[in-house]
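Peer 1:
Residue numbers (our numbering): 120 to 338.
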């Protein structure tokens, strides 16, 4: 990894996925707190948004990420990432699921600078992502069942142990139902990077939650 975004990704340990918090109306305050607490990467993940709505939120995310030196990630939508770039607040990262656009097409749209991540849910998918051309990092999970992915079976801790035995050149993150209560189980499988949602989004003090997660990761 040689360019700035990839160098920052290599150093990243704590990855947050959050919606736009429109019901609470505290998006900027929340993001400032979480990122000042140690979040390295933040992804806007809110299903059902129209492209214009997602772009409006991404502009806010971009400004906060720039204040804190954090990476901004777009979930699934290469077209939205492309549009955000054209509007001047493009993301650093595009995260693709198994059913999203092929990595080669996303690369053709967005070029070599953008960091591309992969979701994996099985030993075979994790092994493939660890070597797939054009992929910069991958996520393994869900470790536990999670309401953000209703109905998806959780491959659990064995998937993390499998990933920790794969070649170490490509960063990977544990994901799915991870919080401070089960964090040590995740670390025991060899994970050194995690993606969280509710552990920070539902915390009374998002900054303190991020700080404790970062501390447990040894940051």
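Where a beta carbon is used, it is the ideal one built from N, C-alpha and C, also for glycine. Keep in mind the model is a prediction, meaning the values are calculated, not measured.
If you draw a straight line from the C-alpha of residue 140 to the C-alpha of residue 221, how long is it?
Peer 2: Position 21 of the chain shown, counting from 1, holds the residue named residue 140. Position 102 of the chain shown, counting from 1, holds the residue named residue 221. If you take the alpha carbons of residue 140 and residue 221, they lie about 30 Å apart.
Peer 1: Who pairs with residue 234 in a beta bridge, going by DSSP?
Peer 2: Residue numbering aside, residue 234 sits at position 115 when the chain shown is read from its first letter. Answer is 212.
Peer 1: Taking DSSP as the reference, what is the three-state secondary structure of residue 241?
Peer 2: Stepping through the chain shown from its first residue, residue 241 is reached at position 122. Residue state, collapsed to three classes: coil.
Peer 1: Per DSSP, what kind of secondary structure is residue 162 in: helix, strand or coil?
Peer 2: In the chain shown, the residue the question calls residue 162 occupies position 43. Strand.
Peer 1: Does DSSP put residue 319 in a helix, in a strand, or in coil?
Peer 2: Counted from its first residue, the chain shown places residue 319 at position 200. Of the three classes helix, strand and coil, the one that applies to residue 319 here is helix, per DSSP.
Peer 1: Could you have a look at residue 287 and say whether DSSP puts it in helix, strand or coil?
Peer 2: Looking up residue 287 in the chain shown gives position 168. Looking at residue 287 - three-state DSSP - the assignment turns out to be coil, as it is neither helix nor strand.
Peer 1: What is the rounded straight-line gap between the Cα of residue 309 and the Cα of residue 179?
Peer 2: Working through the chain shown from its first residue, we reach residue 309 at position 190. Working through the chain shown from its first residue, we reach residue 179 at position 60. Distance between the alpha carbons of residue 309 and residue 179: 35 Å.
Peer 1: Comparing C-alpha positions only, which one of 253, 297, 245, 318 sits nearest to residue 284?
Peer 2: Your numbering for residue 284 matches position 165 in the chain shown. Nearest of 253, 297, 245, 318 to residue 284, Cα basis: 245.
Peer 1: Given a cut-off of 9 Å, decide if residue 137 and residue 319 are closer than it, judged by their beta-carbon atoms.
Peer 2: For the purposes of this step, residue 319 is identified with residue 200 of the chain shown, where counting begins at 1. For the purposes of this step, residue 137 is identified with residue 18 of the chain shown, where counting begins at 1. Yes, Cβ-Cβ distance for residue 319 and residue 137 is below 9 Å.
Peer 1: Do residue 337 and residue 311 have their C-beta atoms within less than 9 Å of each other?
Peer 2: Reading the chain shown from its first residue, position 218 is the one you call residue 337. Reading the chain shown from its first residue, position 192 is the one you call residue 311. Contact flag set, yes.
Peer 1: Residue 263: which of 247, 317, 219 sits nearest, CA to CA?
Peer 2: As a working note, residue 263 is residue 144 in the chain shown. Nearest C-alpha to residue 263: 317.
Peer 1: When we look at the beta-carbon of residue 235 and count the other beta-carbons within 10 Å, is it buried (16 or more) or exposed?
Peer 2: Here residue 235 is taken as the residue at index 116 of the chain shown, counted from 1. By the 10 Å Cβ count, residue 235 comes out buried.
Peer 1: Quick one: which unbroken beta strand (DSSP E) runs of 3-plus residues sit fully inside the stretch 126-191? Chain order, please.
Peer 2: Counting only runs of 3 or more, we get 133-137, 160-163.
Peer 1: Can you tell me which of the three DSSP states residue 280 falls into?
Peer 2: Taking the first residue of the chain shown as position 1, residue 280 is located at position 161. Note: residue 280 maps to helix in three-state DSSP.
Peer 1: For residue 289 and residue 169, I'd like the C-alpha separation in whole angstroms.
Peer 2: Start at 1 with the first residue of the chain shown, and residue 289 comes out as number 170. Start at 1 with the first residue of the chain shown, and residue 169 comes out as number 50. So the two alpha carbons sit approximately 33 Å from each other.
Peer 1: Sorted by chain position, which residues of the same chain lie with C-beta nearer than 8 Å to residue 120's C-beta, five sequence neighbours on each side aside?
Peer 2: Here residue 120 corresponds to residue number 1 of the chain shown, with the count starting at 1. At residue 120 the pLDDT is 39, less than 50, meaning the model places this residue with poor confidence and gives no usable figure here.
Peer 1: Helix, strand or coil: how does DSSP classify residue 294 here?
Peer 2: As a first step, residue 294 must be located in the chain shown, where it is residue number 175. In the structure shown, residue 294 sits in a strand (DSSP, three-state: E or B).
Peer 1: Please report the distance separating the alpha-carbon of residue 135 from that of residue 241.
Peer 2: Counted from its first residue, the chain shown places residue 135 at position 16. Counted from its first residue, the chain shown places residue 241 at position 122. Going by the C-alpha atoms only, they are around 22 Å apart.
Peer 1: If I follow the unbroken alpha helix (DSSP H) through residue 249, where does it start and stop?
Peer 2: Position 130 of the chain shown, counted from the start, is the residue given in the question as residue 249. From DSSP, residue 249 is part of no alpha helix (DSSP H); its letter is neither H nor E.
Peer 1: Looking at the structure shown, is residue 314 part of a helix, part of a strand, or coil, going by DSSP?
Peer 2: Residue 314 sits at position 195 when you count from the first residue of the chain shown. Reduced to three states, the DSSP call for residue 314 is strand.
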